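Inspection log for the structure reproduced underneath, given as structure tokens.
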Amino acid sequence: MNSTPTSAAQTPHSFHIPVLGLGYSIDTPLKVARYGISSTVSIVDDELIERMRKFHAVQSGTAFTSIPNAETDFRSKRITAYLNLLNVIVARQFAELRQQSFGENNDLARYFNLLPDDAPLKQRYKTLHIHHQPAMLDAEKKWIRQAMEPGAIDVNIMSKVDKMNRGTSGQLLSEEFSDALAALRGFAKSTLRASLVLSAGMNPKLYSYLESFPEFLPKADGCFFKKITLKVSDFRSASIQARFLAKKGLWVSEFRIESGLNCGGHAFATEGLLLGPVLEEFRRNREALTTELFGMWKTALAARGRVVTDTPAIRITVQGGIGNVYEDQFLREHYGLDGTGWGSAFLLVPEATNVDEQTLKSLTEASHDDYYLSNASPLGILFNNFRKSSAEKQRLERIAKGRPGSPCQKRYLVSNTEFTEEPICTASRQYQALKMRQLQETEPRPADLQEQLRAVSEKICLCEGLGTSALIRNHLLRPRENQAVAICPGPNLAWFSKTYSLEEMTGHIYGKTDLLEKVERPHMFVNELRLYIDYLKEEMQHHRQALTDKKKAYFARFRQQLLDGIRYYQNLVPDIYFQHEEERLQMQTQLVNAESELNKL
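What follows is the structure in structure tokens.
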């Protein structure tokens, strides 16, 4: 038996583009996969997916047959049909690119120009000219063409977004038709050979449903047709989820570690666990965890009559707040990572993502204060928000008119049963009217009534808002549809201040160019630390009038873990890669100041 994990699969690029909202990366594979760049598509909104499927079918000359709501299992079928279309179009794009002539200014040349300079395949491509004999040159070209790979078309399911659904006659459908399970089925039945990225914590019902699909089991050659990726923010959560799956015969092929607060979308704040110490724990325990998971997985498969001898690879990648090549390279080399994720920065690359012109202009003109951590999400999870978004403007206008809240059309985030038997969304006009009336009629009125009312009206509709930009960008918005755009960029985007081409952004990631050359930006570890300190101070202020022993212990533990993280970074600073030596001294000073600030709390 081979007890050493086989090496993680090599991808053309060392970075991937993570999922960006519901619509921002909904068709990113059609824009970047042919160049070997992997990206992730959200499969939450089947209505948006169906509209994008029709759009791209028409654009590509592919036959389109609509899947109406009245059709049984329509959500799953829409997702399968869309993913199959993406797969067909990308395969077609890549086949055409692969057959283009060498030595010309075409997409084939662009494929290699976008690769990092140290990529082995790029090195072979650059030395083509040394082959003078036609037979040798043709053989080398053939080898290079065969070695080329497109980027992956991965999909994302937020595990906790899993409402139960009703049939056309109003009857409650069985669990397999819930939002998350139907989305999983849609991916499992698609022709994609890709990864399912599970985020937002563990959903035992969803994880158990994975067992139903042999597509997630190893083939005779030990490879997987469909893989499982867990997006996590700490080692403990990763190991708990991976063990749960391994005992069911399901292998986690990648841990996608995400900075708790220094990322886009929903932010899952750890209890003061900083990214550096989290990565250190993965580095130290990677081999032991892999061995433990393999034992569980092997036993579970043996119970099914399947024998495995080799340990599959586990990729470990990181994303959230990476800003330059020095940070990217240090993360990969120091912690032995297999890749990095660059998300929010690609919102400023129009040829890669769907950002409407108005929002794009606002992002390029934004200041640091325009990016903030909010409670705007109906899920009750912290949400990285943007003050200049049209959705935020609309929210304030509705409050001013005495009509807070949004019409609830898609209902993906319904969860509250405080006033109704059927769950409703906390961003809905219905819920906010009921909740505000309750607060105003409470006697005696709470001292912080205005703060409570503000908290109720802070919620915004994400089901529509996070998909609207894709509809606007592709001229698919219908008359009288809401035009307000919600966007969830990570705070790291504040350092970027213009739109970029795909060449410019990939060049920045690989150090071929520096898009932040004249920008004074703290190291990503310091940026995340500052976010956590500010978050802790705000939380302590919020609970100052009703500080329970439990909350007091939580704050003490949070503070101590931040202090432990600072000490870890202080020891790490001599090893970190910097462009200029003064940046090292600056980071040391910033850590000392942060430690002093925490000691005063």
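Start counting the sequence shown at 1426; every next residue gets the next number (our numbering).
Cβ coordinates follow ideal geometry from the N, Cα and C atoms, glycine included.
It should be emphasised that the depicted structure is a prediction, and the values quoted were computed from it without experimental measurement.
Worksheet item: CA-CA distance, R2009 and N1952?
Response: 14 Å
Practice prompt. Any chance you could list the alpha helix (DSSP H) runs of at least 4 consecutive residues sitting entirely within the region 1506-1558, in chain order?
Written response: 1532-1539 and 1545-1551
Worksheet item: With 16 as the cutoff for other CB atoms within 10 Å, does L1874 come out buried or exposed?
Response: exposed
Worksheet item: When DSSP labels each residue in this structure, what does N1710 get in the three-state scheme?
Response: helix
Worksheet item: For the alpha helix (DSSP H) that contains I1934, what are its first and last residues?
Response: L1927 to I1934
Worksheet item: Run through DSSP, which three-state label would V1697 get?
Response: Reading off the sequence, residue 1697 comes out as Gly, not Val. Coil, per DSSP.
Practice prompt. Whole angstroms is fine: what's the gap from R1870's alpha carbon to L1859's?
Written response: 16 Å
Worksheet item: What does S1467 pair with, by DSSP beta-bridge criteria?
Response: N1581
Discussion item. Considering Cα atoms alone, identify which of A1777, K1673 and L1956 is closest to S1794.
Written reply: Note that residue 1794 is Asp in the sequence shown here, rather than Ser. For the residues A1777, K1673 and L1956, the minimum Cα distance to D1794 belongs to L1956.
Worksheet item: Out of curiosity, what's the CA-to-CA distance linking V1580 and G1766?
Response: 15 Å
Worksheet item: How many whole angstroms separate the CB atoms of V1469 and I1451, which I take to be in contact at a CB cut-off of 8 Å?
Response: Not really, about 10 Å apart at Cβ, beyond 8 Å.
Discussion item. Here's a check: name, in chain order, each residue in its chain whose Cβ is nearer than 8 Å to the Cβ of W1920, leaving out the five neighbours to either side.
Written reply: G1748, L1941, V1944 and R1946
Worksheet item: Is it the case that the Cβ atoms of I1462 and H1441 are separated by a distance below 9 Å?
Response: yes
Discussion item. Classify R1898: buried if its beta carbon has 16 or more other beta carbons within 10 angstroms, exposed otherwise.
Written reply: buried
Worksheet item: Looking at C-beta atoms only, is the number of pairs between the region 1815-1823 and the region 1906-1921 that lie closer than 8 Å three or more?
Response: yes
Worksheet item: Which of helix, strand or coil does DSSP assign to D1604?
Response: helix
Worksheet item: Among the residues of its own chain, which have a CB less than 7 Å from the CB of T1851, if the five just before and after it don't count?
Response: P1803, N1841 and K1884
Fill in: Sequence-distant residues of its chain with Cβ nearer than 7 Å to A1770 (five each side left out)
L1918, F1921 and M1930
Item to complete: On a CA-only basis, which of K1826, L1896, D1646 and Q1525 is nearest P1737? Give me that one, please.
Response: D1646
Worksheet entry | R1549 vs A1564 beta-carbon contact at 9 Å | no
Fill in: Separation of L1631 from A1671, as counted between CA atoms
14 Å
Practice prompt. Could you say which of K1585, S1584, F1680 and F1602 lies nearest to G1592 if we only look at CA atoms?
Written response: F1602
Worksheet item: Can you list the alpha helix (DSSP H) stretches of 4 or more residues lying completely in the region 1782-1816, in chain order?
Response: 1782-1790
Fill in: Reference A1692, options T1924, Y1994 and L1807, closest by Cα
L1807
Worksheet item: Measuring CA to CA, which of A1728, R1711 and Y1751 is closest to H2005?
Response: Y1751
Discussion item. Mapping the DSSP letters down to three states, classify D1646 as helix, strand or coil.
Written reply: coil
Worksheet item: Does the Cβ of R1729 have 16 or more other Cβ atoms within 10 Å, making it buried, or fewer, making it exposed?
Response: exposed
Discussion item. For S1882, tell me which candidate among Y1935, E1964, E1866 and R1862 has the shortest Cα-Cα distance.
Written reply: R1862
Worksheet entry | Beta carbon of L1533 nearer than 9 Å to that of L1540 | no
Fill in: Closest residue to Q1986 among L2023, H1967 and L1635 (Cα-Cα distance)
L2023
Discussion item. Output needed for G1892: all residues of its chain with C-beta closer than 6 Å, excluding positions within five of it in sequence on either side, in chain order.
Written reply: L1447, G1448, D1470 and L1473
Worksheet item: Which whole-angstrom value is the C-beta distance of F1888 and L1838, which I expect to be below 8 Å?
Response: The residue you asked about is not Phe; residue 1888 is Cys in the sequence shown. Right, their Cβ atoms sit about 6 Å apart.
Worksheet item: Taking the C-alpha atoms as reference points, what is the distance between V1732 and L1821?
Response: 60 Å
Worksheet item: So, using beta-carbon positions, are I1682 and L1700 closer together than 9 Å?
Response: yes
Worksheet item: What did DSSP end up calling S1485 once you bin it into helix, strand or coil?
Response: helix
Worksheet item: Beta carbon of A1625, beta carbon of V1677: below 9 Å?
Response: no
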